[in-house]
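Only one structure is covered here, and it is reproduced in the block below.
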Amino acid sequence: MTRRFRQALAFEWVKFRSVRSTVWTTAVMAALPAPGAAFVAATGSLQPDDTVLGGSLTLSVPALMLAAVVGALTVCGEYGSGTVRTTFAVVPRRGTVLAAKAVLVAGLLYALALPATAGAYLVGDALLDDGYAQGEPLPALFGVAAAFSVAGLLGLAAGTLIRHAAGTVTAVIAALLLPSMLGPLFGGAERWVAGSSPTAALEKLMQTSDASTDAVGSLGAWPSLLLVTGYTALALLAAAALLRRRDV
28 MTRRFRQALA FEWVKFRSVR STVWTTAVMA ALPAPGAAFV AATGSLQPDD TVLGGSLTLS
88 VPALMLAAVV GALTVCGEYG SGTVRTTFAV VPRRGTVLAA KAVLVAGLLY ALALPATAGA
148 YLVGDALLDD GYAQGEPLPA LFGVAAAFSV AGLLGLAAGT LIRHAAGTVT AVIAALLLPS
208 MLGPLFGGAE RWVAGSSPTA ALEKLMQTSD ASTDAVGSLG AWPSLLLVTG YTALALLAAA
268 ALLRRRDV
């Protein structure tokens, strides 16, 4: 890691923790999964065909949406306040700025999501009855945490392209929810469309009964995550190319 990139990364970390909206959104994202596991256990709402892992991670889906919002806020907040000009004055290489944001978002979300979801599973495992299938938490939990990173990077890419917080949040929430809703309209391509969102990959990794082929496609959990990672990488490349061409 070059000295210039380390400086850019340190600069991004200072900005990230200085913005209340970003910090609070990140904190709520990390705090959501465990109470969800306790709620499912307390209400007895776990379905007979569900797994302890899937039931414990019920609130991981809204938490994933917050991860995408965190990625969006990381860049849109600067455009909204005008501080992006200062950022580019301090770090003229815009690709370096975007790369530093991407490393920060992906690393931080993974570091928070892994213990948050693992803790939720432990809570669910302790509170839920033994009559339910356990599920296979490993290596699934590592993939679940990776899905949070991917969602955050998708939000970052969308924020860089759109530059407006409201429009970006709308776009990323649509990207998370619409593929599974519109998949059946695409006939033979349904498995690719329905499985092309971080939400679909997350639900498959969670091994929840909601992850049926008609809802999230017939791709396996890991192929779905790889597909999502691939198009997120393409979105980041497009964002980097456009960022270099803009005046700001």
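Start counting the sequence shown at 28; every next residue gets the next number (our numbering).
No residue lacks a Cβ here, since even glycine has one placed at the ideal position from N, Cα and C.
Practice task
State buried or exposed for G63, treating a residue as buried only when at least 16 other CB atoms are found within 10 Å of its CB.
Solution key: Burial call: buried.
Problem - Distance between L232 and G109 (C-alpha atoms, nearest Å) - result: Roughly 39 Å between the two C-alpha positions.
Exercise for the section: Consult DSSP for T78 and reduce its assignment to one of helix, strand or coil. Expected result: Of the three classes helix, strand and coil, the one that applies to T78 here is strand, per DSSP.
Exercise for the section: Please name the residue in A140, L264, F66, Y258 whose C-alpha comes closest to that of M92. Expected result: From the listed residues A140, L264, F66, Y258, the smallest Cα separation to M92 is found for A140.
Exercise for the section: Pull up the distance between the alpha-carbon of L59 and that of A172, whole angstroms please. Expected result: Taking the straight line from one Cα to the other gives about 14 Å.
Handout entry: Neighbourhood of G162 by C-beta distance below 7 Å, restricted to the same chain and skipping five residues each side
Key = Short of 7 Å from the beta carbon of G162, and not among the five residues preceding or following it, lie these beta carbons of its own chain, in chain order: T78, V79, L80, G81, Q234.
Exercise for the section: Sort out for me which residues DSSP pairs A160 with in a bridge. Expected result: The partner list for A160 (beta bridge, DSSP) reads T78.
Handout entry: Start-to-end residues for the alpha helix (DSSP H) that takes in R33
Key = Segment 30-45, the alpha helix (DSSP H) holding R33.
Problem - C-alpha distance - E105 paired with F115, whole-angstrom precision - result: In a straight line, the C-alpha of E105 is about 11 Å away from that of F115.
Exercise for the section: Report yes or no: do the stretch 183-195 and the stretch 134-151 share at least 3 C-beta pairs separated by less than 8 Å? Expected result: When Cβ pairs closer than 8 Å are counted between the two stretches, the stretch 183-195 is seen not to touch the stretch 134-151, the count staying below three.
Exercise for the section: Please list, in chain order, all residues of the same chain as V67 whose beta carbon is under 6 Å from its beta carbon, the five residues on each side excluded. Expected result: Here the set comprises L73, G82, T85.
Problem - Three CB pairs or more closer than 8 Å across the stretch 201-214 and the stretch 32-50 - result: Contact between the stretch 201-214 and the stretch 32-50 is not established, with fewer than three Cβ pairs separated by less than 8 Å.
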